[in-house]
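Going left to right, the sequence shown walks through residues 1 to 204 as UniProt numbering numbers them.
Glycine included, each C-beta is placed from N, C-alpha and C at the ideal position.
Please read all numbers here as calculations on a predicted model, not as lab measurements.
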Amino acid sequence: MQKFGSVEISDVDSWVFQLMLKLDWVPPPNLRRLKLVGVFWNLPTWICSSLLPLLSHLDLTTNRNVQSGDIQILGMLPALQYVTLRVGGLNVHDLLENLVISAGAFPSLRVCLFHNILLMPPTFQPGAMPMVQRLWFGLRVNDILSPDFDLSIRNLPSLKQLRIDLFNNGAGPGDYSQAVDMLRYLADVHPKNPTLRADKFIRE
1 MQKFGSVEIS
11 DVDSWVFQLM
21 LKLDWVPPPN
31 LRRLKLVGVF
41 WNLPTWICSS
51 LLPLLSHLDL
61 TTNRNVQSGD
71 IQILGMLPAL
81 QYVTLRVGGL
91 NVHDLLENLV
101 ISAGAFPSLR
111 VCLFHNILLM
121 PPTFQPGAMP
131 MVQRLWFGLR
141 VNDILSPDFD
151 LSIRNLPSLK
161 QLRIDLFNNG
171 AGPGDYSQAV
181 DMLRYLADVH
191 PKNPTLRADK
201 FIRE
């Protein structure tokens, strides 16, 4: 396996992840693509910059809650260009509070897709994700309409496409259109004027 450049592990019952943990499994040093689908309650410890220096594509699907620390660890992968992180299960939407993407995080990332994950809202510090062109995550309508709402996408100098899943958490009938208008304004004043797609979802 030390010569593998791509690994995909799909497991519903999580026994594979437990076995890998017991065996102190480490990924191939030349691994560039990794896809994990299954029930793992913690981000595998071997997903780190020291063991995956060449990893460029990462696709993770899990049924557990995503933590801010997980995002910080992924942000330290030096060669990561494409990341998909999804919370599996029907009508499951993870809520991630106080997420700060620090300066220097995700230095090579081009595409960042967070499926079924709500950010409340995120903070992109100057110097974070300098290469990201495509960004997708969820926001709550009421958060967007808050007086102190600041999406800070102005700090993403390469952004070309922004997709937001809008979740109606008790917002009024006209609030959705106001939220879309706010997002459109933020996209319009961005130096790259990224295209905006805002999809309406109602959390159940």
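Proximity winner among the options, relative to residue i (alpha-carbon distances)
| i | options | result |
| --- | --- | --- |
| P191 | L156, D199, R197 | L156 |
| K160 | V132, L151, D175 | V132 |
| A171 | F114, L135, L55, S146 | S146 |
| L118 | A103, V141, Q125 | V141 |
| S108 | M76, Q81, S68, G38 | Q81 |
Residues bridged to residue i [DSSP beta-bridge criterion]
| i | result |
| --- | --- |
| residue 213 | Nothing can be reported for residue 213: it is not among the residues displayed for the chain, which extend from 1 to 204. |
| D59 | K35, T84 |
| K6 | Going by the sequence as given, residue 6 is Ser instead of Lys. Paired residues: R33. |
| I101 | F124 |
Short Cβ contact (8 Å threshold) for residue i with residue j
| i | j | result |
| --- | --- | --- |
| M129 | F106 | yes |
| L162 | P194 | yes |
Collapsed DSSP secondary structure at residue i in the structure displayed
| i | result |
| --- | --- |
| R86 | strand |
| E204 | Because the pLDDT of E204 is 42, which lies under 50, any placement of that residue in the model is unreliable, and the number read from its coordinates should be weighed accordingly. In the structure shown, E204 sits in coil (DSSP, three-state: anything other than H, G, I, E or B). |
| L196 | strand |
| Q178 | helix |
| I153 | helix |
Neighbourhood of residue i by C-beta distance below 6 Å, restricted to the same chain and skipping five residues each side
| i | result |
| --- | --- |
| L36 | I9, L60 |
| L90 | For L90, the predicted structure reports a pLDDT of 47, less than 50, and the residue's modelled location is therefore unreliable. A value from the coordinates is still provided. Excluding sequence neighbours, L90 sits near nothing in its chain. |
| I144 | A179, M182 |
Same chain, Cβ closer than 7 Å to residue i, five either side skipped, listed in chain order
| i | result |
| --- | --- |
| G88 | T61, T62, N63 |
| I47 | I73 |
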